[in-house]
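**Student:**
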Amino acid sequence: MVERIVATPEALALIKEMQTLHGEILFHQSGGCCDNSAANCYLPTDLTIGPYDVKLGEVGSVPFYIGKSQYEYWKHTQLILDVIEGSGGTFSLEGNTGKAFHTRSRLFSDEEWELIKSTVENDLA
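The sequence shown begins at 93 in our numbering and counts up one residue at a time.
(1) How is the beta strand (DSSP E) around residue 107 delimited, first residue to last?
(2) For the alpha helix (DSSP H) holding residue 165, just list the boundary residues, first then last.
(3) Where does residue 169 fall in DSSP's three states?
(4) Say whether the segment 105-117 touches the segment 156-172, bearing in mind that this needs 3 or more beta-carbon pairs closer than 8 Å, one atom from each stretch.
(5) Tell whether a beta-carbon distance below 8 Å holds between residue 154 and residue 117.
(6) Around the Cβ of residue 93, are there at least 16 other Cβ atoms within 10 angstroms (buried) or fewer (exposed)?
(7) Going by DSSP, name the residue or residues bridged to residue 149.
(8) What do you get for residue 114, buried or exposed, if any count of 16 or more other CB atoms within 10 angstroms of its CB means buried?
(9) Using the C-alpha atoms, what's the distance from residue 98 back to residue 210?
(10) What do you reckon, are the CB atoms on residue 200 and residue 132 nearer than 8 Å?
(11) Could you tell me whether the Cβ atoms of residue 191 and residue 177 are closer together than 8 Å?
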């Protein structure tokens, strides 16, 4: 199975830190507004996930969502959750840690895309 969202070891370590501090968390890939295109980490009570969001998968047992309209642009890519040094997003839970979640991406190969195409089409049905 080809994963649509994966995480680096550094991201997995920061996820564990956020879980230790806050308990249950989730991610939502920002659409480019206030926090640019950051992956924001939230408490489940801080963000409503609805019909305009797509669940890409889980990283470190944490659900990762993206808005449908942004998903349309990025559906041919695998998102890679990473960590950079610096200020986190103003809305994201790691904002005061000196680290920030950061999303990288890579295009799926033709073979990978064929394997997941039916799943992608079902997600938006």
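Backbone N, C-alpha and C define an ideal beta-carbon position, used for all residues, glycine too.
**Tutor:** Let's see:
(1) Taking the sequence shown and counting its residues from 1, one reaches residue 107 at position 15. Premise fails: residue 107 lies in the alpha helix (DSSP H), 101-114, not in any beta strand (DSSP E).
(2) Numbered from 1 along the sequence shown, position 73 holds the residue referred to as residue 165. If you look at residue 165, you'll find it in the alpha helix (DSSP H) that goes 160-166.
(3) For the purposes of this step, residue 169 is taken as residue 77 along the sequence shown, with counting starting at 1. Secondary structure at residue 169: strand, using DSSP grouped into helix, strand and coil.
(4) Short answer: they don't touch.
(5) As a working mapping, residue 154 is identified with position 62 in the sequence shown. As a working mapping, residue 117 is identified with position 25 in the sequence shown. Yes. Within cutoff.
(6) In the sequence shown, the residue the question calls residue 93 occupies position 1. Residue 93 should be labelled exposed.
(7) Here residue 149 refers to the residue found at position 57 when the sequence shown is read from its first residue. Per DSSP, the beta-bridge partners of residue 149 are 156.
(8) Looking up residue 114 in the sequence shown gives position 22. By the neighbour-count criterion, in which 16 or more other beta carbons inside 10 Å mark a residue as buried, residue 114 falls on the exposed side.
(9) Along the sequence shown, read from residue 1 onward, the residue named residue 210 stands at position 118. Along the sequence shown, read from residue 1 onward, the residue named residue 98 stands at position 6. If I take the Cα positions, the gap works out to 20 Å.
(10) For this step, residue 200 is matched to residue 108 along the sequence shown. For this step, residue 132 is matched to residue 40 along the sequence shown. A distance of 8 Å or more separates the beta carbons of residue 200 and residue 132.
(11) Position 99 of the sequence shown, counting from 1, holds the residue named residue 191. Position 85 of the sequence shown, counting from 1, holds the residue named residue 177. In this structure, residue 177 lies closer than 8 Å to residue 191 by Cβ.
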